[in-house]
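Enquirer:
Protein chains in written order, with the working numbering: chain D, 2 to 350; chain Y, 2 to 350.
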């Protein structure tokens, strides 16, 4: 090899190394560059399941869209005015809990004993503090009770009448159980019981599909870079034995950490608990360097699909990116970012 | 550069590459080589906390050691005879639940209403199936109820009287609540209440230290390479409001996956829920390639210490390695491997 060739060889190696170094630096700085103090956002779900356009009336679809938009507007208003992600999550979930359209608060599904038993949880990504209530029957807005467990007690999770006693002592609005009673959900229970008595116990995932969806959840990033997530549900139609799903389980139904993302889940809760879905998305970002989109898709469309766990999640990361993957025919979902543009979707694109 | 130098340069690069490739191949095959069908083991805890030699009588220490040894022997016998890790976990926990020494089953701590409310969970690493009960008052061995929730229901988590109804229907041994009543735990409750009334609400971690430990847990690997873990507890002395700790929460108190490890936690449950402790150890192994020892130490002695969460975990991985890290003065713990040698420890080494 003549000396000039060696020189060219060394130069080309130096050039390649400099390109690689530049690419490394770029990939390391890109996420930081995306983040800015005014970069905020909020993402919402109203449940995943067999939601098909052919089964939907125009009026029903319009009602869902209007309520999702109202919730997103409320959350945007709070964040845009400099409010905290926790306040935005709580206020947005209130709107969905108060609407009989969703399986949370008013409109919750019935247990096999014709009662409504509600679960909710919330997590603060800044402190990793969290609160949850399970199996409450008299609390108008379970998400507020969950937040008070987080802020006014040393505990994370309270259940049943004990949780209600705590809520009452902390000034939460209590209602008569009849408040939660809707004709639509009562009919769903009757249909579930008829199916059960004609087919035996409902335990095959396919049979459960129609009886378990409609949970609501919100994840938000505020102007201070704080993430928060919350989830609220009536659980599963015809549920019994004090069944607790994933919604009040931190790590499964709800998770938030300022270093990664905020997540709320909806779907077949048992599968979400066993796969620690919400935390798994954060772990894939933290430990494998995945983007939110990659991590959320991997968990919902690969891991959960392999394990036959149907449902979806909504999430927002520390840079304001949102993800809304689901492996069911539809999911009520939407988001709003700093620009104020509200996006609501129901079916697969 | 003369041509001979270029040749030597190219040769030395080829040599370096071949060494790197060999090292890579070796590091990939080593874990497989460690594993063998007859490589089994079981690891047990009886709670972490302020356990100091100076506060322990010889008789008390001997009683704890004897019971831990009895439990480990039982688990070893099952595994050595080709039994499943699930059977070993359940039978070993039975011995600890039946012993008044530990805060699980008989010997459980009292709630503020002078009742005993028990929680337990179990997970099968082969199927990722799991079961848990929370807040039960009449079930002699909550770990057995948790296993039946896993095996005989489509649910993962049941609570309160609903969980008891399910247990009764599935033939679980029920007892009068007086069965759980021990004078020692009643005195602990009285002391906790006296402290509370003289100091106000107990919510500082330091004040809670003495009232919350003693949970039992087991993780096992059987001859077929199947992992399982289980945890059982009476919760926290003077607990109220239907408080649920980490023990019945899959991902926090218990986790098992044949691809990584089986883990059972003990400590200040609220911190363990928020840090998703048991699953986090598995995630660090799966996503960061850490060894069990590295992952367990990172979570217990770094993450939890930073977050002021006191306690410990026991774990066994798919190759039969065990880890028993804790960040408290002591933890009742022990393990046995294929060689049948039983090791029991209480204090820091």
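No residue lacks a Cβ here, since even glycine has one placed at the ideal position from N, Cα and C.
At a Cβ cut of 8 Å, what residues of the region 255 to 274 of chain Y count as close to chain D, listed as they run along the chain?
Expert: The region 255 to 274 of chain Y vs chain D, Cβ under 8 Å: 256, 270, 271, 274.
Enquirer: Can you check whether the C-beta of residue 289/Y is within less than 8 Å of a C-beta belonging to chain D?
Expert: With 8 Å as the cut-off, residue 289/Y counts as an interface residue toward chain D.
Enquirer: Skipping 5 residues on each side, what residues in its chain have a beta carbon closer than 7 Å to that of residue 227/D?
Expert: Here the set comprises 85, 86, 126, 127, 259.
Enquirer: State the DSSP-derived secondary structure class of residue 292/Y, mapped to helix, strand or coil.
Expert: Residue 292/Y: coil per DSSP, three-state reduction.
Enquirer: Counting only Cβ pairs nearer than 8 Å, list the residues of chain Y close to residue 162/D.
Expert: In chain order: 243.
Enquirer: Distance check for residue 116/Y and residue 179/Y, CA to CA, integer angstroms please.
Expert: If you take the alpha carbons of residue 179/Y and residue 116/Y, they lie about 9 Å apart.
Enquirer: Can you say whether residue 350/D is buried or exposed, counting buried as having 16 or more other CB atoms within 10 angstroms of its CB?
Expert: Per the 10 Å Cβ criterion, exposed.
Enquirer: Can you give me the start and stop residues for the beta strand (DSSP E) that residue 333/D sits inside?
Expert: First-last of the beta strand (DSSP E) with residue 333/D: 331 to 338.
Enquirer: For residue 233/D, I'd like the list of residues in its chain whose CB is within less than 6 Å of its CB, leaving aside the five on either flank, ordered along the chain.
Expert: For residue 233/D, where only same-chain residues beyond five positions count, the Cβ hits under 6 Å are 94, 98, 105, 121, 143, 144, 217.
Enquirer: Just to confirm, is the Cβ distance from residue 140/D to residue 173/D under 8 Å?
Expert: Yes.
Enquirer: By Cβ distance, which residues of its chain are closer than 7 Å to residue 79/Y, with the 5 residues on each side in sequence left out?
Expert: Taken in chain order, the residues that qualify are 88, 89, 92.
Enquirer: Counting only C-beta atoms, is residue 90/Y closer than 8 Å to chain D at any point?
Expert: It does not: the Cβ of residue 90/Y has no partner Cβ on chain D nearer than 8 Å.
Enquirer: With which residues is residue 46/Y paired in a DSSP beta bridge?
Expert: Answer by DSSP bridge pairing, in chain order: 218/Y, 334/Y.
Enquirer: Per DSSP, what are the beta-bridge partners of residue 228/Y in this structure?
Expert: Looking at the DSSP assignment, residue 228/Y forms a beta bridge with 222/Y.
Enquirer: Along chain A, which residues have their Cβ under 8 Å away from the Cβ of residue 129/Y?
Expert: Among the protein chains of the structure shown, namely D and Y, there is no chain A.
Enquirer: Check the Cβ of residue 325/D against every Cβ in chain Y and list those closer than 8 Å, keeping chain order.
Expert: Under the 8 Å cutoff, chain Y gives no residues; its nearest Cβ is about 22 Å from residue 325/D.
Enquirer: Taking 8 Å as the threshold (beta carbon to beta carbon), is residue 147/Y in contact with chain D?
Expert: So, not an interface residue.
Enquirer: Would you please verify whether the beta carbon of residue 100/D is less than 8 Å from any beta carbon of chain Y?
Expert: By this cut-off, residue 100/D is not an interface position.
Enquirer: Which residue wins for smallest C-alpha separation from residue 108/D, given the options 167/D, 183/D, 129/D, 155/D?
Expert: Nearest of 167/D, 183/D, 129/D, 155/D to residue 108/D, Cα basis: 183/D.
Enquirer: Within this structure, are the beta carbons of residue 283/D and residue 124/D separated by less than 8 Å?
Expert: Not a contact, by the Cβ cut-off of 8 Å.
Enquirer: Can you tell me whether DSSP reads residue 346/D as helix, strand or coil?
Expert: Reduced to three states, the DSSP call for residue 346/D is strand.
Enquirer: Could you tell me whether the region 67 to 81 of chain D touches the region 40 to 57 of chain D, using the rule of 3 or more Cβ pairs below 8 Å?
Expert: Yes, the region 67 to 81 of chain D is in contact with the region 40 to 57 of chain D.
Enquirer: What span of residues does the alpha helix (DSSP H) with residue 250/D cover, start to end?
Expert: Residue 250/D -> no alpha helix (DSSP H), and no H or E assigned at all.
Enquirer: Taking 8 Å as the threshold (beta carbon to beta carbon), is residue 167/Y in contact with chain D?
Expert: Yes, residue 167/Y lies at the interface with chain D (some Cβ there is under 8 Å from its Cβ).
Enquirer: If you drop the 5 nearest sequence neighbours on each side, which residues of the same chain put their C-beta closer than 6 Å to that of residue 346/Y?
Expert: Closer than 6 Å at Cβ, skipping near neighbours: 334.
Enquirer: Mark residue 32/Y as exposed unless 16 or more other C-beta atoms lie within 10 angstroms of its C-beta, in which case mark it buried.
Expert: Any reading at residue 32/Y must be qualified, since the residue scores a pLDDT of 38, below 50, and its modelled position is unreliable; no value is offered.
Enquirer: If you run the structure through DSSP and keep just helix, strand and coil, what is residue 68/D?
Expert: Residue 68/D falls in the helix class under three-state DSSP.
Enquirer: Taking C-beta to C-beta, are residue 270/Y and residue 103/Y nearer than 8 Å?
Expert: No, these two residues do not count as a Cβ contact at 8 Å.
Enquirer: Under 9 Å Cβ-Cβ, which residues of chain D neighbour residue 280/Y?
Expert: Those are 252, 277, 280, 281, 284, listed as they occur along chain D.
Enquirer: Under the three-state reduction of DSSP, which class applies to residue 130/D: helix, strand or coil?
Expert: Residue state, collapsed to three classes: strand.
Enquirer: Within the continuous beta strand (DSSP E) that includes residue 268/Y, where are the two ends?
Expert: Its beta strand (DSSP E) spans residues 262 to 268.
Enquirer: Residue 296/D: which of 340/D, 322/D, 272/D sits nearest, CA to CA?
Expert: Considering only alpha carbons, the answer is 322/D.
Enquirer: Taking 8 Å as the CB-CB cut-off, is residue 156/Y touching chain D?
Expert: With 8 Å as the cut-off, residue 156/Y counts as an interface residue toward chain D.
Enquirer: In three-state terms, what does DSSP make of residue 138/Y?
Expert: Coil.
Enquirer: Beta strand (DSSP E) containing residue 120/Y: first to last residue?
Expert: Unbroken beta strand (DSSP E) run through residue 120/Y: 119 to 125.
Enquirer: Terminal residues of the continuous alpha helix (DSSP H) containing residue 161/Y?
Expert: 161 to 170 is the span of the alpha helix (DSSP H), which, as asked, contains residue 161/Y.
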